[in-house]
Amino acid sequence: MSEDHDHPLPLAGLRVLDLGIITAGAASSQVLADFGAEVIKVESTTYTDPFRNWSQIADGGSPDPNASPAFNAVNRGKLGVAIDLKTDEGRTAFLQLVAEADLVVENFRRGVLERLGVGFEQLKAANPRIVLLSLSSQGSTGPEREFISFGSTLEAIGGLMSVTGYGPGDPMWTGNNVNYPDQLVSIIAPGLALAALRLRDHTNEAVHVDHSQREAVTSLLGHEIVRASRGDRSSASDSNTHPRHAPHGVYRTDGGDDWIALSVRSDDEWAGLCEVLGLDAVARDPRFMTTDARCGHRAELDEIVGAACASREKSALAHQLQAVGVAAAPVQRPEEVLDDPQLAALGFHQTVPGDATIQRGFVARLSRTPGRVRRRAPRLGEHNDAVLGRLPVFEPAIESVRSPDQVGQ
Amino acid sequence: MTPVRPLAGLVVAELDSSLALAFCGKYLAGLGADVTVCGPRLTEYDEVVRDYVDDGKHLSTEPRPARTLGDYDVVLTSDVPSGLPDHVVTVVVTDQGRTGPHSAWAGGDFLAQARSGLMSLVGVADRAPLAIGGHQIAYSAGLAAFTGTMVALHQRDKDGRGQVVETSLLEVAAYIEWKGRMYHQAGNVLTRGDRSGPIVTECSDGPFGFYYRPTDWPAILQVFGRERLDDPRFADHRQRVCHTRELAEVISELSAGLSRDELYHRLQAVGVPAGPIYTPTDLLRSEQYRERGFLVPMDAAGPETIQPALPVTFNGARSAAPQRVVTTGGEHR
Numbered sequence: 023m024s025e026d027h028d029h030p031l032p033l034a035g036l037r038v039l040d041l042g043i044i045t046a047g048a049a050s051s052q053v054l055a056d057f058g059a060e061v062i063k064v065e066s067t068t069y070t071d072p073f074r075n076w077s078q079i080a081d082g083g084s085p086d087p088n089a090s091p092a093f094n095a096v097n098r099g100k101l102g103v104a105i106d107l108k109t110d111e112g113r114t115a116f117l118q119l120v121a122e123a124d125l126v127v128e129n130f131r132r133g134v135l136e137r138l139g140v141g142f143e144q145l146k147a148a149n150p151r152i153v154l155l156s157l158s159s160q161g162s163t164g165p166e167r168e169f170i171s172f173g174s175t176l177e178a179i180g181g182l183m184s185v186t187g188y189g190p191g192d193p194m195w196t197g198n199n200v201n202y203p204d205q206l207v208s209i210i211a212p213g214l215a216l217a218a219l220r221l222r223d224h225t226n227e228a229v230h231v232d233h234s235q236r237e238a239v240t241s242l243l244g245h246e247i248v249r250a251s252r253g254d255r256s257s258a259s260d261s262n263t264h265p266r267h268a269p270h271g272v273y274r275t276d277g278g279d280d281w282i283a284l285s286v287r288s289d290d291e292w293a294g295l296c297e298v299l300g301l302d303a304v305a306r307d308p309r310f311m312t313t314d315a316r317c318g319h320r321a322e323l324d325e326i327v328g329a330a331c332a333s334r335e336k337s338a339l340a341h342q343l344q345a346v347g348v349a350a351a352p353v354q355r356p357e358e359v360l361d362d363p364q365l366a367a368l369g370f371h372q373t374v375p376g377d378a379t380i381q382r383g384f385v386a387r388l389s390r391t392p393g394r395v396r397r398r399a400p401r402l403g404e405h406n407d408a409v410l411g412r413l414p415v416f417e418p419a420i421e422s423v424r425s426p427d428q429v430g431q
Numbered sequence: 201m202t203p204v205r206p207l208a209g210l211v212v213a214e215l216d217s218s219l220a221l222a223f224c225g226k227y228l229a230g231l232g233a234d235v236t237v238c239g240p241r242l243t244e245y246d247e248v249v250r251d252y253v254d255d256g257k258h259l260s261t262e263p264r265p266a267r268t269l270g271d272y273d274v275v276l277t278s279d280v281p282s283g284l285p286d287h288v289v290t291v292v293v294t295d296q297g298r299t300g301p302h303s304a305w306a307g308g309d310f311l312a313q314a315r316s317g318l319m320s321l322v323g324v325a326d327r328a329p330l331a332i333g334g335h336q337i338a339y340s341a342g343l344a345a346f347t348g349t350m351v352a353l354h355q356r357d358k359d360g361r362g363q364v365v366e367t368s369l370l371e372v373a374a375y376i377e378w379k380g381r382m383y384h385q386a387g388n389v390l391t392r393g394d395r396s397g398p399i400v401t402e403c404s405d406g407p408f409g410f411y412y413r414p415t416d417w418p419a420i421l422q423v424f425g426r427e428r429l430d431d432p433r434f435a436d437h438r439q440r441v442c443h444t445r446e447l448a449e450v451i452s453e454l455s456a457g458l459s460r461d462e463l464y465h466r467l468q469a470v471g472v473p474a475g476p477i478y479t480p481t482d483l484l485r486s487e488q489y490r491e492r493g494f495l496v497p498m499d500a501a502g503p504e505t506i507q508p509a510l511p512v513t514f515n516g517a518r519s520a521a522p523q524r525v526v527t528t529g530g531e532h533r
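Going down the list, the sequences are from chains A and B. Quick note: the numbering used here has the first sequence finishing at residue 431, numbered continuously throughout. Quick note: the numbering used here has the second sequence finishing at residue 533, numbered continuously throughout.
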């Protein structure tokens, strides 16, 4: 459990028990680990994090529970213990860890913690100052609290699909490739947990933070809720257009699946676009002279701009357009993003010790106490001895949870 | 239940007109911080957006706050002001970052989705890459700034010193789209529209997001019966993926006589994680949201205007902005 000490980490001293699985739970606690919290990932000896053998996207899951790229990407910086919470001994060990912890993170189905005997009431009994961060589909209350969802479902029932698509009646989701709601939660939830710790410190009482993923999705469409409550029509159904900018969209460029994204926000930018694309006559066409006129002739405009972009190379064209003040960017594929010079200059990409795989960076950059990747994701039960060995009451009964056959070592 | 204010006592100045900063400020205010915004506001967005992101804040028409910046705990800005006292946490959100070869490039939500790889994975394979609707990246960048702010405040609680918290729309979009890069390095290239799963089907009162896992198929047969689905084209998951269009047509025929909520409840009852494609208007009628007190009147606009609360409760209570007292000066207190 040794650590380097290049600089102080802002969350050093904070202890987190991580029951989070897949992305929403595990990635949320990873943010806390990135900034120095001691995050102990607690997996059951009989039920490991499904991300350890994820076949939904990867072509077939690996039989090695320690080799999953997905798991390793959202669990860096953590310690790992394997405890079977369905046994008395395992539950006792877990609650002893709770007694020393500040925060427990979980994203199980509602009712699972209680059935395991480690619900909020039991956690409070073990530690009257504990904070429990529950990340659930729809929250811990309400008639749909026990409904299950994946990220795609949340995009539907949270309202996002209704404003994402190629046009009216064509709702789209980000799908399994992205699972946007899970990523969103991992950005919000660490901040909410830290807010709850301030509340805990003020009241000296335990706090249950109940974060609904569906509500998070709707929160990011809040202006559309306001609009609907005023009886106004939703502002968009084609999410590649802009109500007041034209041309605005993606246009195919030279190559297989190569595109450029651009947005013209003023008459000056329109002049610049026409100059770069060699559209001298179009620049003087009265149908396109003003923003209002361009917005009124989107279809013709898109056809003209699309034709002019078709033979151009996307990155070179983006550079040319930016040089004349037009907002433009190549639509990059994930592998191209790995070589993006701007992200490289910002130091965004990270690696973990002993693994050359490039992972995403931190949720934010801090000038004085920045985040740091301290270790790779834990192997199943890797830190059992170190973590369980420091429990205040190390009874013989707890010894059984440390045995190799139970922790799957 | 009495609202809680975990950030009560924090004083925040929002100096620049930026949707991301405004959303960060909205979360700080919604958790009880005293947030003052200055200067012209978000002129490139409509009134609805401005009302939503600024609710719960003190609005000032002055270009800078009446107090000196050293009186604030947190300053939200597009660049770092000079001469700030050591205790101030300065939060900066830009389009591309303040340094780097393209720091001066024009950007924004749409372009961040393009450049980050996110857009390339959303949409249909033989159609254009598709942006996620709304202001997702600007708002998400605000939330990343919020979480970064909370980390910096935790450090300040220990040593009394602030620092600069920084992010950009580009970085946040690249944070959201991590799977494509990770799987590419593992030898499995993700492309737009290449994965099985969600089907959009039609119910009697609107579209429905028919999301299912391979293991859900027996439950689906239980809900719809075997008559139309006991077909070689749908015999196993691989076949169903190959015949997604035909499956969608059959499912639409089977669901056409059901309302969205009826199908929602039937599928959830057998453990299928599907759900209706709700519009914002639909969500105003959500019983789940009503019972949880998620939709609340907007402070500044009267009880008829509804907005979402923050998506969280603390021991069952929603959080709230500080109580507002209107004064005769340029600011509300």
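Glycine residues also receive a C-beta, built at the ideal position from the N, C-alpha and C atoms. Just so we're clear, the structure is a prediction, and the values are computed from it rather than from any experiment.
- Rounded to the nearest angstrom, the gap between the Cα atoms of Ser218 (chain B) and Leu155 (chain A) is 30 Å.
- For the segment 359 to 371 of chain B, the residues whose beta carbon sits under 8 Å from a beta carbon of chain A are, in order, Arg361, Gln363, Val364, Val365, Glu366, Thr367, Ser368, Leu370 and Glu371.
- As the crow flies, the alpha-carbon of Asn201 (chain A) is around 38 Å from that of Leu413 (chain A).
- Not a single C-beta of chain A is nearer than 8 Å to the C-beta of Gln439 (chain B).
- Looking at the backbone, the Cα of Asp436 (chain B) and that of Glu446 (chain B) are separated by about 14 Å.
- With respect to chain B, the C-beta atom of Phe130 (chain A) has no partner C-beta closer than 8 Å.
- Following the DSSP letters along the chain, one finds Lys257 (chain B) in no beta strand (DSSP E), marked with neither H nor E.
- Proximity of the segment 300 to 320 of chain A to the segment 335 to 352 of chain A falls short of the contact definition, fewer than three beta-carbon pairs being nearer than 8 Å.
- Taking 8 Å as the threshold, the shortest C-beta distance from Tyr272 (chain B) to chain A does not fall below it.
- Pairing Gln468 (chain B) with Ile170 (chain A) gives a Cβ-Cβ distance under 8 Å.
- Chain-order list of chain B residues neighbouring Ser234 (chain A): Arg492, Phe494, Pro511 and Val512, by C-beta distance under 8 Å.
- If you draw a straight line from the Cα of Asp255 (chain B) to the Cα of Asp499 (chain B), it comes to about 6 Å.
- Ranked by how close their Cα comes to the Cα of Ala293 (chain A), the residues A:Trp281, A:Met311 and A:Ala329 have A:Met311 in first place.
- Per DSSP, Gly102 (chain A) lies in no alpha helix (DSSP H); the unbroken beta strand (DSSP E) holding it starts and ends at Leu101 to Ala104.
- Residue pairing by DSSP places Cys403 (chain B) opposite B:Gly406 in a beta bridge.
- Among the residues of chain B, none has a CB under 8 Å from the CB of Ala147 (chain A); the nearest is roughly 16 Å distant.
- The DSSP assignment places complete alpha helix (DSSP H) segments of no fewer than 4 residues inside the segment 32 to 118 of chain A at 46 to 56 and 91 to 96, in order along the chain.
- When the beta-carbon positions are compared, Gln507 (chain B) and Ile210 (chain A) stay at least 8 Å from each other.
- DSSP, read as helix, strand or coil, puts Thr513 (chain B) in strand.
- Contact check between the segment 95 to 108 of chain A and the segment 64 to 72 of chain A: three or more CB pairs, one atom from each, fall below 8 Å, which counts as touching.
- Residue range Val211 to Glu214 is occupied by the beta strand (DSSP E) that includes Glu214 (chain B).
- Under the DSSP assignment, Ile179 (chain A) falls in the alpha helix (DSSP H) whose first and last residues are Gly173 to Ile179.
- Residues of chain A with a Cβ closer than 9 Å to the Cβ of Asp251 (chain B) are, in chain order, His245 and Val248.
- Assignment of Pro414 (chain B) by DSSP, reduced to helix, strand and coil, places it in the helix class.
- When 9 Å is used as the limit between beta carbons, His287 (chain B) is near no residue of chain A, the shortest such separation being about 12 Å.
- According to the DSSP assignment, His230 (chain A) belongs to no alpha helix (DSSP H) but to the beta strand (DSSP E) extending over Val229 to Ser234.
- Counting only residues of its own chain and dropping the five nearest sequence neighbours on each side, Ala456 (chain B) has a CB closer than 8 Å to the CB of Glu402, Cys403 and Ser404.
- The beta carbon of Ala228 (chain A) sits closer than 8 Å to those of Phe142, Leu145, Lys146, Asn149, Pro150, Arg151, Ile152, Val153, Leu154 and Arg222, all from its chain and outside the five residues before and after it, given in chain order.
- Under a 10 Å Cβ-count criterion, His258 (chain B) is classified as buried, with 16 or more other Cβ atoms of the shown protein chains found around its own Cβ.
- If you check the CB distance, Ala325 (chain B) and Gly393 (chain B) come in under 8 Å.
- Counting only the Cα atoms, Pro30 (chain A) lies some 19 Å from Gly369 (chain A).
- By alpha-carbon distance to Ala399 (chain A), the top candidate from A:Asp40, A:Pro32, A:Val286 and A:Leu33 is A:Asp40.
- The Cβ neighbour count for Lys358 (chain B), taken over all protein chains shown within 10 Å, is under 16; the residue is labelled exposed.
- Minimum Cα-Cα distance from Tyr69 (chain A) among the listed residues A:Ala123, A:Leu138 and A:Leu119 corresponds to A:Leu138.
- Between the segment 301 to 319 of chain B and the segment 257 to 273 of chain B there are fewer than three inter-stretch CB-CB distances shorter than 8 Å, so the stretches are not counted as touching.
- Between Ala178 (chain A) and Gly475 (chain B), the C-beta spacing is below 8 Å.
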